[in-house]
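Residue numbers (full-length UniProt numbering): 1 to 231.
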Amino acid sequence: MISLHAGIADRGLRFDLEHGEGRTLAVIGRNGSGKSSLIGLLAGLIVPDPGGTIALDGTVVAGDQWVSPHRRPITLLSQDPTLFPHMSALDNVAFGLRARGVNRQRAREHAHDHLARIGIDQLADRMPNQLSGGQQQRVALARAIAVEPTILLLDEPLAAMDVAAAVELRSLIRNALQGRTGVVVTHDIADIRAFADDVAVLADGRVSDYGPVDERMGDENSLLRRYFLGG
Numbered sequence: 001m002i003s004l005h006a007g008i009a010d011r012g013l014r015f016d017l018e019h020g021e022g023r024t025l026a027v028i029g030r031n032g033s034g035k036s037s038l039i040g041l042l043a044g045l046i047v048p049d050p051g052g053t054i055a056l057d058g059t060v061v062a063g064d065q066w067v068s069p070h071r072r073p074i075t076l077l078s079q080d081p082t083l084f085p086h087m088s089a090l091d092n093v094a095f096g097l098r099a100r101g102v103n104r105q106r107a108r109e110h111a112h113d114h115l116a117r118i119g120i121d122q123l124a125d126r127m128p129n130q131l132s133g134g135q136q137q138r139v140a141l142a143r144a145i146a147v148e149p150t151i152l153l154l155d156e157p158l159a160a161m162d163v164a165a166a167v168e169l170r171s172l173i174r175n176a177l178q179g180r181t182g183v184v185v186t187h188d189i190a191d192i193r194a195f196a197d198d199v200a201v202l203a204d205g206r207v208s209d210y211g212p213v214d215e216r217m218g219d220e221n222s223l224l225r226r227y228f229l230g231g
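Okay, structure coming up:
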């Protein structure tokens, strides 16, 4: 579960959002509406203004206490895979496990299993500069789920992919979201249809529309419908 009641005054942002456990939320909005800032608050990359509170899975991570990003039950997959250039694909995936104290052999075995799940275990020994953009993003996805997060944050993860790669990755991400709470920033209706149970539309620095995707798309007055269909 996600509980977000926090703002960033100097950016003109104030978010109030409650999102249920095991459901995926799509976040949409025009450029500058605060989508990436919302992700940053949840991930612990941005500190909210005093008085704000953020709770993940029932634990306060900002407000009365501060929980650093690496101690939150989350991982983040963004548009840029941000792989470590000096590490193989396998060691990139194993990195998070090693950081959590898992021994090297076990971490590498677990990482190999996750590469196999997404169909690129044959690339385990390759360096990032030997991988295509789509392959790099698959490695980044494997790294994100290898630590078994309960909440998966995705900030436009398919924006830089060509159509064919995006179709394949969309299926892999959908599988990765099973049994997890997810937040997906996107501009693509295909992502919403593939991933999301609920949708939040940001406007003027606020969550201006929120609800189940089918309900909001079926409402001719909803911001979601107007955003995509101009209705």
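Note that the Cβ used here is the ideal one computed from N, Cα and C, for glycine as well.
Cβ neighbours of residue i in the same chain (closer than 7 Å, five flanking residues each side left out)
i, result
"Asp121", "His112, Leu115"
"Gly40", "Ile46"
"Ala160", "Gln79, Gly133"
Own chain residues within Cβ distance below 6 Å of residue i, not counting five before or after
i, result
"Ala89", "Leu123, Ala124, Arg126, Val139"
"Arg170", "Ala194"
"Ile145", "Ala176"
"Gly182", "Thr24, Leu152"
Cβ-Cβ distance between residue i and residue j below 8 Å
i, j, result
"Leu152", "Thr75", "yes"
"Leu56", "Ile8", "no"
"Leu83", "Gln136", "yes"
"Ala196", "Val184", "yes"
"Gly205", "Arg30", "no"
"Pro157", "Leu77", "yes"
"Ser36", "Asp155", "yes"
Residue i (DSSP reduced to helix, strand or coil)
i, result
"residue 233", "With the chain covering 1 to 231 only, the question about residue 233 has no answer from this structure."
"Ile74", "strand"
"Ile46", "coil"
"Ile151", "strand"
"His114", "helix"
"Arg206", "strand"
"Ala164", "helix"
"Ser3", "strand"
Neighbourhood of residue i by C-beta distance below 8 Å, restricted to the same chain and skipping five residues each side
i, result
"Pro69", "Ala43, Gly44, Leu45"
"Leu224", "Ile28, Val199, Val201, Asp209, Val213, Arg216, Met217"
"Ala62", "Ala6, Leu41, Gly44, Val47, Pro48, Gly52, Thr53, Ile54"
The alpha helix (DSSP H) enclosing residue i, as first and last residue numbers
i, result
"Ser37", "35-43"
"Glu215", "213-218"
"Leu229", "223-229"
Given residue i as reference, the closest of the options once Cα atoms are compared
i, options, result
"Leu131", "Ile145, Glu156, Met87, Leu154", "Met87"
"Glu18", "Thr186, Val93, Leu38", "Leu38"
Beta strand (DSSP E) segment containing residue i, residue limits
i, result
"Asp16", "13-19"
"Asp198", "198-203"
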